[in-house]
């Protein structure tokens, strides 16, 4: 599986590329239901969500790297029985937080969710993510223009990406 | 149609805590159905919370957010009775909006 290098790699092609091994022998693929473009909400970080590795996704989303910080508290289970639903939350004591993002390193696409935090909103979020297998989970908090991260290893016994 | 969004927004003086549960398949586009055909990706891309004319919290989601997504956060600057507007848009262009009174 190589990266698509055509002029306009659509999301569909990339998804097909990712799944092509599993699809050999299946003729009629659902080409018709092509996902609508995200042009309507131009702030959606389409490129970052397409990156496979966590480092590339962080680069595409923020354009720089994060430093680990004990002021970012990442809460996730040590062992997740169901990789389809893993409760994950982040809190931080940092000031001037503008965004919080979650990256699941071993997922087909590393970036899981990115939250924009407004002024006056408490810098913290709880959500539920899918994890394909045992993985490193990275939370990044953007505060005062700098990036801070926290990392945790989550053991997954049943994957959440249809494996 | 009943709204796909369920919200509980509670104020304890200064801080409003918001819990949201949305009904959505959040298909990754990597999973096959029982006939072996790929289920196309179908997931919420943006979820927005607006209170008193201001975006207090915006979520950008990829396919790795669990089915029937749940999200919880808190914010300052609202009081009991204020309205919180919640709206989402998915990758197929579908959307839903609801408003909740802060209790």
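Protein chains in written order, with the numbering used here: chain A, 1 to 163; chain B, 1001 to 1103.
For every residue, glycine included, the Cβ atom is placed at its ideal position computed from N, Cα and C.
These numbers were taken from a predicted model, which means no experiment stands behind them.
Query	Result
The segment 144-161 of chain A in contact with the segment 124-132 of chain A per 3-pair CB rule at 8 angstroms	yes
Close-in-space but distant-in-sequence residues of the same chain around residue 112 of chain A (CB under 6 angstroms, 5 per side omitted)	102, 104 and 129
Residue span of the alpha helix (DSSP H) that contains residue 49 of chain A, given as start and end	46-50
Bridge partner(s) assigned by DSSP for residue 147 of chain A	A/142
Expected contact under 8 angstroms - CB spacing of residue 1060 of chain B and residue 1050 of chain B to nearest Å	The Cβ separation is near 16 angstroms, so there is no contact.
Straight-line gap, residue 144 of chain A to residue 1004 of chain B (C-alpha atoms, nearest Å)	35 angstroms
Where residue 127 of chain A falls, given that 16 or more other Cβ within 10 Å makes a residue buried	buried
Proximity of residue 1075 of chain B and residue 125 of chain A at Cβ, strictly below 9 angstroms	no
Helix, strand or coil at residue 109 of chain A according to DSSP, with G and I counted as helix	coil
Nearest-angstrom Cβ-Cβ length linking residue 1087 of chain B and residue 1048 of chain B, presumed shorter than 8 angstroms	5 angstroms
Residue range of the unbroken alpha helix (DSSP H) whose run includes residue 962 of chain B	The structure shown does not extend to residue 962 of chain B, since chain B spans only 1001 to 1103, so no value can be given for it.
Per-residue contacts from residue 1079 of chain B into chain A (C-beta, under 9 angstroms)	The contacting residues do not exist; residue 1079 of chain B stays about 13 angstroms from chain A at best.
Continuous alpha helix (DSSP H) stretch holding residue 58 of chain A: start and end	54-62
Short CB-CB distance (under 9 angstroms) between residue 1097 of chain B and chain A	no
Per-residue burial, residue 1016 of chain B [other beta carbons within 10 Å of its own, 16 or more giving buried]	buried
Beta bridge counterpart(s) of residue 1019 of chain B as assigned by DSSP	B/1008 and B/1072
Where residue 119 of chain A sits in the DSSP three-state scheme	coil
Within-9 angstroms CB hit, residue 178 of chain A to chain B	This structure leaves residue 178 of chain A out entirely; chain A is present only between 1 and 163.
Classification of residue 1064 of chain B by the beta-carbon crowding that lies within 10 angstroms, buried from 16 upward	buried
Euclidean distance between Cα positions of residue 1007 of chain B and residue 152 of chain A	29 angstroms
Spatial neighbours of residue 1080 of chain B in its chain, beta-carbon cut-off 6 angstroms, leaving aside the 5 residues before and after	1011 and 1102
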